[in-house]
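Following: one structure in structure tokens, then a few remarks.
Numbering (this note's numbering), first residue to last: 1 to 985.
The following block contains the structure:
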């Protein structure tokens with residue numbers, strides 16, 4: 001179709017449409033609106049498009065753009081006519097445009113809600129997912145401008161363009177008219193379109209990290225001419241690790257006659273290198289980094305590791321330098337690890353990369369490690385090395401200006417060489433996305449996290465990310481909900497990582513304890529009880545026990561169907577001369593490994609006291625130090641890695657599988673493009689198979705550490721079993737909620753120009769809104785005087801309660817502002833006089849009268865929205881003790897039936913709800929229903945930014961909501977529902 005010129009008023013440039021995206025191959029590109037300054041770029045771009053692609057775009061030979069075309073395609077009003085471009089290095093590689101049309105297909109303005117859309121992607125960049133990214137962003141722009149449908153005319157031979165629409169996941173219609181295919185795409189997001197979008201995001205971001213960790217060639221920029229210094233150290237470590245690719249030393253200060261340095265080619269710039277360099281390690285002063293980045297970008301480098309310091313960790317000026325560094329790198333399609341990074345390591349035999357400051361590359365293993373701190377990274381590498389554990393990959397991200405823990409989770413999810421992901425995090429740039437990615441990854445392999453800077457309320461220097469205001473206890477609860485193993489220290493992370501990487505997951509909490517020290521066995525028993533495990537009485541083998549006795553006892557315990565895990569305790573043997581014999585560690589280790597290898601697959605941990613050589617010998621057969629042979633699935637793909645929960649006897653549970661749903665296959669393309677097919681949703685790796693026999697048996701110097709690691713494995717295994725059959729939102733909510741009515745009420749309450757700070761609802765307004773979702777709130781009537789109180793009681797019916805509602809007295813029954821069970825007028829008048837005499841005048845107290853509710857347990861249900869983490873549902877018992885002890889449970893919204901059930905059972909005071917000390921159990925199903933209804937309300941209407949139901953009295957039958965406060969505000973942005981984009985901090 002030949003373009004025709006149009007005229008329309010121009011609107012302000014929408015800079016919020018600009019976005020950096022990761023393409024299918026892991027490179028980055030920038031999407032932005034086309035402006036009037038892009039005429040030359042557009043002409044240059046069009047000249048590089050093939051004749052076939054032009055024909056598919058315009059339905060006729062169209063060798064060049066006329067001046068009229070260029071004017072039309074670069075002049076937009078950003079409302080009815082919009083054009084977006086994908087750029088790399090400032091040049092166009094793809095474009096998309098929509099024009100609003102009416103029912104007759106002619107140019108129109110709002111309220112017309114349909115637009116014609118067309119794509120064009122440069123042939124050299126087809127197959128990179130450019131069109132897929134453009135469709136996501138142009139659809140979001142169209143929705144913002146009130147457009148609900150896209151229409152496109154496509155030649156029947158242009159199958160790739162048809163697939164772009166078909167595989168996007170939106171509802172669509174197709175018809176054949178006048179020799180072309182007419183496509184109509186409904187732009188309302190669907191579960192399928194969201195799955196497609198997230199699947200593409202996962203593959204692209206995983207590939208971007210994989211390109212950094214497995215380069216074919218590495219250049220160290222800033223390599224010193226003399227030994228020492230950061231650059232020379234990295235070069236030495238690269239060579240010492242045996243990197244399988246090509247290595248180059250680069251320094252603009254090299255003498256022209258210098259050909260090699262440390263045996264590798266030496267160059268003054270990347271331009272002197274005959275081949276493309278995949279990865280550049282930058283180790284120059286901060287003021288020289290922009291020059292180095294530009295050199296990398298102009299010569300096709302795919303990724304950067306920036307070791308240089310002097311950025312956001314130095315304050316606001318450094319933070320701006322850091323932002324400019326990221327903008328510059330992304331403009332060339334490169335991703336960054338750093339700045340202020342320690343480096344990266346990949347121990348795969350085909351790579352053997354140590355582009356870090358670590359002097360010794362760790363052994364090859366099955367643990368992936370990500371850290372935001374170089375010092376912590378050194379400590380973790382050292383601790384794992386001392387205990388004989390190997391790594392698959394290591395990233396120390398420094399200021400994590402670009403590549404983050406979320407990217408590492410995307411990579412770990414797919415990496416067949418990683419069984420366990422360990423992360424040390426000091427900030428969460430996107431907590432909502434982190435929990436989503438962690439839940440998916442944890443369904444197939446363990447994710448262990450240590451969160452630093454938990455209580456400071458600010459981010460560490462250098463971490464320019466949004467600060468979440470939710471308490472750390474809430475963050476921990478949300479991580480647990482996502483299946484993350486949250487531990488407090490790096491020592492605990494190593495302890496848990498060793499057990500999870502080398503042992504199968506336990507099928508339950510039953511633990512057998514055996515050893516040659518009665519005292520050490522009792523300490524282990526006590527530790528198990530403290531961690532919520534179910535230990536069997538310790539079996540004392542006596543100090544005379546031989547390694548063979550240990551082997552026989554371990555084999556017997558593993559074969560016992562009444563235990564799910566075994567902890568072995570061992571102290572040195574005492575010789576005839578009274579001296580401890582510590583040299584039999586290797587013999588004992590061989591005995592224990594033999595028993596574990598010959599018995600059913602159950603986790604085994606060893607607690608030892610000063611037995612020389614035992615820990616090292618147990619680690620010698622480390623399953624984390626060599627790749628496992630993976631069974632091949634029927635789909636022809638290796639099964640995923642880490643051990644799943646298993647039982648040793650027929651009575652025990654088997655491994656759960658991850659919630660693996662696969663979205664339909666999709667391809668990305670554009671008019672005239674030929675992009676290969678790709679899977680639309682993320683193909684979930686199968687739940688990890690356990691080692692056929694436990695290999696590495698972790699050893700611990702203290703019973704508490706071994707038991708804590710085992711307890712984490714038990715809780716994670718239970719989560720995995722539950723995740724295999726995820727909870728559901730009950731259907732009754734659809735039948736008993738009035739979403740349209742609630743939406744209309746919210747619009748009325750907020751008004752046409754809502755205050756950005758929001759507004760609290762009155763008691764009656766809150767009752768009406770909550771009632772739309774089946775949450776009745778017991779009415780209260782104001783009592784500004786005794787006579788009004790009596791009239792209110794007569795209207796409500798006795799018995800009644802008299803309450804003060806002044807802010808300083810609300811929910812403070814201990815101050816005397818609440819009188820209950822007032823059965824008649826005289827009792828009410830006496831209570832009114834007592835309260836006003838004790839606490840002040842009625843105008844200060846704001847007293848109300850409320851009918852009495854059935855007796856029960858007072859609870860508190862809340863929901864609130866954190867700008868970073870999203871909507872959070874909370875539950876606890878009412879009263880000062882729960883508040884003082886922080887006994888509140890949290891779950892992310894939307895909550896399922898399983899989330900609601902777990903929420904009320906996960907507080908420490910939960911026994912009070914289930915008949916503690918002979919009391920009657922309360923109606924927990926009614927409480928679960930209330931939680932689900934509130935979750936649904938907040939999820940359906942993001943304008944509801946906070947709700948507090950307090951108290952909620954839960955009786956043996958039914959419950960009563962006695963108080964409710966609701967706050968409305970304009971909804972915060974939901975970045976997780978928009979088109980994929982890289983964050984800009």
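All C-beta atoms, glycine included, are put in the ideal place defined by N, C-alpha and C.
Each of 845, 198, 517 and 601 was checked against the Cα of residue 556, and the nearest Cα belongs to 601. Residue environment analysis places residue 99 among the buried positions, since at least 16 neighbouring C-beta atoms fall within 10 angstroms of its C-beta.
Residue environment for residue 548: exposed (fewer than 16 other C-beta atoms within 10 angstroms of its C-beta).
Scanning its chain for C-beta atoms nearer than 6 Å, with the 5 sequence neighbours on each side dropped, one finds around residue 894 the residues 935 and 939, in chain order.
Per the DSSP secondary-structure output, residue 218 pairs in a beta bridge with 247 and 279.
In this structure, the alpha-carbon of residue 350 lies about 7 Å from that of residue 244.
Rounded to whole angstroms, the Cβ separation of residue 452 and residue 425 is 7 Å, and the two are in contact under 8 Å. With at least 16 other beta carbons inside 10 angstroms of its own, residue 474 counts as buried. Using a Cβ-Cβ distance cut-off of 8 Å, the stretch 207-214 and the stretch 182-197 are not in contact, since fewer than three pairs of beta carbons, one from each stretch, lie closer than that value.
At the C-beta level, residue 355 and residue 281 come within 8 Å of one another.
Exposed is the label assigned to residue 375, since fewer than 16 other Cβ atoms lie within 10 Å of its Cβ. For a cut-off of 8 Å, the C-beta gap from residue 238 to residue 218 is around 6 Å, short enough to register as a contact. If the five residues before and after residue 403 are omitted, its C-beta is found closer than 8 Å to the C-beta atoms of 208, 209, 212, 335, 336, 337, 395 and 397, all from its own chain and listed in chain order. Taking 3 residues as the shortest admissible run, the stretch 87-168 contains the following complete beta strand (DSSP E) segments, listed from N- to C-terminal end: 91-101, 114-121 and 149-154.
A distance of 8 Å or more separates the beta carbons of residue 477 and residue 792.
Here DSSP, grouped into helix, strand and coil, assigns residue 396 to strand.
DSSP places residue 186 within a strand segment (E or B) once states are collapsed to three.
Residue 885 sits exposed, since fewer than 16 C-beta atoms from the chains shown fall within 10 Å of its C-beta.
Looking at 847, 775 and 823, the one whose alpha-carbon comes closest to that of residue 806 is 847. Comparing alpha carbon positions, the residue from 371, 370 and 347 closest to residue 362 is 347. Under DSSP, the beta-bridge partners assigned to residue 176 are 181.
Residue state for residue 29 is assigned as strand, using DSSP reduced to three classes. Residue pairing by DSSP places residue 46 in no beta bridge whatsoever. CA-CA distance, residue 971 to residue 79, rounds to 23 Å. Here DSSP, grouped into helix, strand and coil, assigns residue 516 to coil. Of all C-beta pairs linking the stretch 436-448 to the stretch 480-497, three or more are shorter than 8 Å, placing the two stretches in contact. Per the Cβ contact rule, the stretch 289-303 is not in contact with the stretch 46-64 (fewer than 3 Cβ pairs under 8 Å). Between the alpha carbons of residue 859 and residue 931 lies a gap of roughly 12 Å. Here residue 20 carries a strand assignment [DSSP, helix/strand/coil].
For residue 847, the enclosing beta strand (DSSP E) covers residues 847-851. Rounded to the nearest angstrom, the gap between the Cα atoms of residue 35 and residue 232 is 46 Å. Of the candidates 716, 327 and 146, the residue whose Cα lies closest to the Cα of residue 496 is 716.
When rounded, the separation of the alpha-carbon atoms in residue 418 and residue 778 is 55 Å. Here residue 84 really is in contact with residue 33; their C-beta atoms are around 6 Å apart, less than 8 Å. As a beta-bridge residue in DSSP terms, residue 606 pairs with 568 and 699.
Contact check between the stretch 743-762 and the stretch 556-572: fewer than three CB pairs, one atom from each, fall below 8 Å, which does not count as touching.
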